[in-house]
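A.B. asks:
In this note's numbering, the protein residues as written are 1 to 945.
1. Report the three-state DSSP secondary structure of residue 184 (helix, strand or coil).
2. Please state if the CB of residue 443 and the CB of residue 414 are separated by a distance shorter than 8 angstroms.
3. Closest by CA to residue 265, which one among 307, 306 and 218?
4. Using alpha carbons as the reference points, say which of 46, 212 and 723 lies closest to residue 923.
5. For the alpha helix (DSSP H) containing residue 313, list its first residue and its last residue.
6. Contact between the segment 421–431 and the segment 396–413: three or more CB pairs below 8 angstroms?
7. Please confirm if the segment 894–910 is in contact with the segment 816–834, defined as three or more CB-CB distances below 8 angstroms between the two stretches.
8. Considering just the uninterrupted stretch of the beta strand (DSSP E) at residue 131, what are its terminal residues?
9. For a test of the three-state rule: what should DSSP assign to residue 872, helix, strand or coil?
10. Going straight from the alpha carbon of residue 854 to that of residue 827, what length do you get?
11. DSSP on residue 53, reduced to helix/strand/coil?
12. Measuring alpha carbon to alpha carbon, tell me which of 229, 780, 255 and 214 ends up nearest residue 243.
13. Evaluate contact between the segment 350–358 and the segment 38–58, counting only Cβ atoms and requiring at least three cross-stretch pairs below 8 angstroms.
14. Go ahead and pull the three-state DSSP assignment for residue 63.
15. Is the distance from the Cβ of residue 91 to the Cβ of residue 122 below 8 angstroms?
16. Helix, strand or coil, according to DSSP, for residue 351 in the structure here?
17. Measure the CB-CB distance between residue 147 and residue 112 and report whether it falls below 8 angstroms.
18. For residue 145, which option in 169, 59 and 695 has the closest C-alpha, if you only look at C-alpha atoms?
19. Use the C-beta contact count for residue 810: other C-beta atoms within 10 angstroms, 16 or more gives buried, fewer gives exposed.
20. Does the Cβ of residue 926 have 16 or more other Cβ atoms within 10 Å, making it buried, or fewer, making it exposed?
21. Rounded to whole angstroms, what's the CA-CA distance from residue 552 to residue 590? Just pull it up for me.
22. Looking at the unbroken alpha helix (DSSP H) that takes in residue 555, where does it start and where does it end?
23. In chain order, which continuous runs of the beta strand (DSSP E) of length 3 or greater are located wholly inside the segment 266–297?
24. Along the chain, where does the alpha helix (DSSP H) that runs through residue 223 open and close?
25. Going by DSSP, what residue range makes up the alpha helix (DSSP H) through residue 438?
26. Can you name the residues that DSSP bridges to residue 763?
27. Comparing alpha-carbon positions, which option in 478, 488 and 667 lies nearest residue 956?
28. Excluding sequence positions up to five away, which residues of its chain have a Cβ less than 6 angstroms from the Cβ of residue 136?
29. What residue range is occupied by the uninterrupted alpha helix (DSSP H) comprising residue 409?
30. Cβ of residue 950 within 8 angstroms of Cβ of residue 907?
31. For residue 231, which option in 198, 302, 173 and 549 has the closest C-alpha, if you only look at C-alpha atoms?
32. Can you say whether residue 564 is buried or exposed, counting buried as having 16 or more other CB atoms within 10 angstroms of its CB?
33. Express the C-alpha separation of residue 75 and residue 367 in angstroms, rounding to a whole number.
34. Which residues does DSSP list as the beta-bridge partners of residue 89?
35. According to DSSP, is residue 73 part of a helix, a strand, or is it coil?
36. Spatial neighbours of residue 319 within its chain, please: C-beta separation below 6 angstroms, excluding the five flanking residues on both sides.
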């Protein structure tokens, strides 16, 4: 299939798997000479109407000349792509480069005619839209900037495909044909359309896995015990509402039922469709299971089986083959080596996992790459204790195992508009596509909280089985970028649950002002100190004394919530001698009723060994769902009835805000840490409403910079620009670097000073001395030739010969604060802009702040204020404040340069001396490299395998 063509090697990087509108998958690849039979078979299955729309005339069959034309491409001026399922074509698209008169042409002609044909059975699945994205990316790569298409007016579906793509279009009507012309340069609207389609498709693909109408457990044992038999029992006992089947090829032919579930020897023997297959057979038998599932039309797989990339190189190749095989049939995979999936919706009630108990229904979505961590999360949210007392429920749970296909990104797409999920909790051991994750997280966090804990942060390698892009950024930088995207990043599983409980139960705080009240002065002071440590603004604690009654708590909480200077309340409580269940219930009711009166402010409880109070706080009897007669209880066996109250179901969430449960914590530090996370997230939400803009600058010469870059790269694959080249390129973006003239001899230094004008600076630029003024390699304010020659002699006497020092002479800049500005394109995280003070603050303390490119004006403002040493820029200890506006503009210009030209892979400006008025860039370096063939602006694709 992958043969060389007439003029160009087969472009294997154009191959891609895509998710279609209905959640199924298809493979997009170039059409080659080996596809003649596939093309003929495909065309025979297209209706006469679709053929008429394609060729503007009855065209019942393709001639030999047609077949040759449509399968022979040079992959430059003539390109054809096919969407395939099961190896067979379901749609095709092609372009032919044309000249001004519409005749065939070659480069540098930059226009092409494009045409589609989609099999009728697959129309409406978004195939044409996906193909348009891919053929447009191919065309841009080949120097084509504009597409033209002629469409019959009656072909409204195809006209809609072009119209909805979001490109800048021209439309005309002539000789009974609609002619569409559109530029291929991505626009804000075309990217928005692409991302919206991506979200719908990937979200739908996860929905098909989490909301199946029928499930088959393949590998169900004939005797009790074993993974398959356990999962079958878990699905059955949870009350799954769909059709359930047990499958094992070793079943006797006369076995029709197992544990009350229909039994079959093969999925092929099942009457009717199967939406989800849970695969538990040994890894060596999985391929034949996948084949059977694909031929039966199964939509997705949860592969519990281990022995893949978790078992070494051989298993890694087995995992790649598994993904390729499943995608051939349009199926998506959770796993392999997965713990399973859970959906507590009353319409589904699916527990296709190894968890023996179905979690209580609630509003928290859980994603864990690790089965062990998944168990811990479910356990902590399920039971009364486990650190955070009180109970909340789960909407959906996904344990991805080796994450060969479905990843956290896909689950985020599903949760984004899932009405059953209010808070998303994720345990990630690796992030396969941080750039996409950051983009999805930013959008998700704008509508619902996303809390993430990262495992394996310091291991240096990804867990076995996880294929991830290598990043050169330290973990702290990645964490900062996630926080910038609105992610609530925490360090431990305990923090993950603590924050999730608060966000699921209480409203977001309007600010950092915290009232503290309770019956223990010491516990109140601990809470006060914890608030200060977390950057909150606590009021002095109100001590109600140990004699306080439930009524006293109610009155104090009511006053605190009514106070306009308070944004949140932390209630501290310790037990009193002789206190019992009745007193616990009374206090819980007093707190709930007071909170219900002012529902817009969060309330948290810090308790000490008050099991009854925590239980009472969790048991909102007025809103707890009542079990249907005969329905199985979902509490932990042996737990007293009512001790673990369920979260209100979907309809109960519409009840008054006072029905919200109050989270209780066993330690002040944990409660305050969760509150601080909520405060920071609420502020991010407010800021996200107006993220700022990327300003335009009239003096930026984007076209001229592109010509310079092309010229430099024509001489090599990647290079660091020289000083003059760097200054020229930066100058195209209004970034002016102070001239530094080489001074290999004292006489050259004097000549350079005469050119620049006194006073001057003499600097050693050898790598071990560059930017190290502390070592004495810099002499400043040299006012005349005598001082310059003396300084030159001192440097050479201290550090060696001039050829080792590489001295330069530079004109003096106004005094100010030395800073450093960097931009780098990381292979995993994307383009990142960094800022800090020059010298020890950056090199020793790592005091750098980071933002994703492109940076907006508001982000530039926050960037320079985010470093710990920022007070030095704003008048610390009586010094003159620097020109922050000039610094922000410089950051924005660097951001524009890197964003406009992906070939610019690294920029360093050091030092940048920021004075009270203006700034001076005294040193700069730029590194170029060929741009990647595909990036986030390219078409939608699944990770390659």
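Note that the Cβ used here is the ideal one computed from N, Cα and C, for glycine as well.
C.D. replies: Let's see:
1. Residue 184: coil per DSSP, three-state reduction.
2. For residue 414 and residue 443, no; Cβs fall outside 8 angstroms.
3. When each option's Cα is compared against that of residue 265, the closest is 218.
4. In terms of CA proximity to residue 923, 723 leads the group 46, 212 and 723.
5. For residue 313, the enclosing alpha helix (DSSP H) stretches over residues 313–328.
6. The answer is yes - the segment 396–413 touches the segment 421–431, with three or more Cβ pairs under 8 angstroms.
7. A contact between stretches requires three or more CB pairs, one per stretch, nearer than 8 angstroms, and the segment 894–910 meets this requirement with the segment 816–834.
8. Per DSSP, residue 131 belongs to no beta strand (DSSP E); it is in the alpha helix (DSSP H), 127–141.
9. Residue 872 falls in the helix class under three-state DSSP.
10. Using only the alpha carbons, I get a separation of about 16 angstroms.
11. Here residue 53 sits in helix by DSSP.
12. The alpha carbon of residue 243 has as its nearest neighbour, out of 229, 780, 255 and 214, the alpha carbon of 214.
13. Flag = no, the segment 350–358 and the segment 38–58 do not touch.
14. DSSP, reduced to helix, strand and coil, places residue 63 outside both helices and strands of the structure shown, so it counts as coil.
15. Yes, the pair counts as a contact, with Cβ atoms nearer than the cut-off.
16. Three-state DSSP puts residue 351 in a strand.
17. Yes, the pair counts as a contact, with Cβ atoms nearer than the cut-off.
18. Closest option to residue 145, Cα to Cα, is 169.
19. Buried, since its Cβ has 16 or more Cβ neighbours within 10 Å.
20. That one is buried.
21. Distance between the alpha carbons of residue 552 and residue 590: 9 angstroms.
22. It spans 550–562 - the alpha helix (DSSP H) in which residue 555 sits, taken as one unbroken run.
23. Qualifying beta strand (DSSP E) stretches, in chain order: 276–279.
24. Careful: residue 223 lies outside any alpha helix (DSSP H) and carries neither H nor E.
25. Element bounds for residue 438: 434–445.
26. Beta-bridge analysis with DSSP links residue 763 to 778 and 808.
27. Residue 956 is absent from the model: the chain starts at 1 and stops at 945.
28. When the five nearest sequence neighbours on each side are left out, the beta carbons in the same chain lying within less than 6 angstroms of the beta carbon of residue 136 are those of 184, in order along the chain.
29. Following the DSSP letters along the chain, one finds residue 409 inside the alpha helix (DSSP H) bounded by residues 408–416.
30. Since the first and last residues shown for the chain are 1 and 945, residue 950 lies out of range.
31. The option with the nearest alpha carbon to residue 231 is 302.
32. Around the beta carbon of residue 564, fewer than 16 other beta carbons lie within 10 angstroms, which makes this residue exposed.
33. Take the alpha-carbon of residue 367 and the one of residue 75: they are about 42 angstroms apart.
34. According to DSSP, residue pairing for residue 89 in a beta bridge involves 84.
35. Residue 73 falls in the coil class under three-state DSSP.
36. Only 308, 309 and 404 meet the Cβ criterion.
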